[in-house]
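Student:
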Amino acid sequence: MHIDTLKSLAIDALEELKARDITQLDVAKLTEVTDLMLIASGTSTRHVEAIAQNVVEKAKAAGLGPLGVEGGDNADWVLVDLGDIVVHVMMPEARVLYDLERLWADLPSDSGAIDASLERFRERASMS
Numbered sequence: 000m001h002i003d004t005l006k007s008l009a010i011d012a013l014e015e016l017k018a019r020d021i022t023q024l025d026v027a028k029l030t031e032v033t034d035l036m037l038i039a040s041g042t043s044t045r046h047v048e049a050i051a052q053n054v055v056e057k058a059k060a061a062g063l064g065p066l067g068v069e070g071g072d073n074a075d076w077v078l079v080d081l082g083d084i085v086v087h088v089m090m091p092e093a094r095v096l097y098d099l100e101r102l103w104a105d106l107p108s109d110s111g112a113i114d115a116s117l118e119r120f121r122e123r124a125s126m127s
């Protein structure tokens, strides 16, 4: 499935269940894992789960099974991996805490600098 079609499908699924603050990040130059990340907020853990499940159902209906789903019942963050697109549905508190938009925006675009940034991030995380 073409990435623009997949992006429209995912955004439509998010909007259908009233996901809030939908943001898209083009990470194609920053990682080989995915090309685009969609980040959205839900109003409760049940809402987060329902939104993510809607993304999964819409993808399956279009003939694309997700590569994986992480999180679930009573989760404040559910990730749906659609290959070229990864969808993060989060409670607002988790979204502020992990601040994926800033994390990915702060990464440099050349791989050597990315490795150094990730190493600094791991060091900071291990000190916590």
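According to numbering that gives the first Met the number 0, the sequence shown is numbered sequentially starting from 0.
Glycine residues also receive a C-beta, built at the ideal position from the N, C-alpha and C atoms.
At which residues does the alpha helix (DSSP H) containing Thr44 begin and terminate?
Tutor: Translated into positions along the sequence shown, residue 44 becomes position 45. Unbroken alpha helix (DSSP H) run through Thr44: Thr44 to Ala60.
Student: Taking the CB atoms as reference points, tell me whether Val88 and Val47 lie closer together than 8 Å.
Tutor: In the sequence shown, residue 88 corresponds to position 89, counting from 1. In the sequence shown, residue 47 corresponds to position 48, counting from 1. Against a cut-off of 8 Å, the Cβ pair of Val47 and Val88 comes out as a contact.
Student: At the level of alpha carbons, what is the spacing between Thr30 and Ile10?
Tutor: Reading the sequence shown from its first residue, position 31 is the one you call residue 30. Reading the sequence shown from its first residue, position 11 is the one you call residue 10. Approximately 22 Å, taken between the alpha carbons.
Student: Looking at the unbroken beta strand (DSSP E) that takes in Leu78, where does it start and where does it end?
Tutor: Within the sequence shown, numbered from 1, the residue matching residue 78 stands at position 79. Start and end: Trp76 to Asp80.
Student: Going by beta carbon distance, what residues of the same chain come within less than 7 Å of Thr44, once the five residues before and after it are set aside?
Tutor: Looking up residue 44 in the sequence shown gives position 45. Taken in chain order, the residues that qualify are Asn73, Ala74, Asp75 and Met90.
Student: Starting from Ala9, trace the alpha helix (DSSP H) both ways and give me its first and last residue.
Tutor: Locating residue 9 in the sequence shown gives position 10, counting from the first residue. Where Ala9 is concerned, the enclosing alpha helix (DSSP H) stretches over Ile2 to Glu15.
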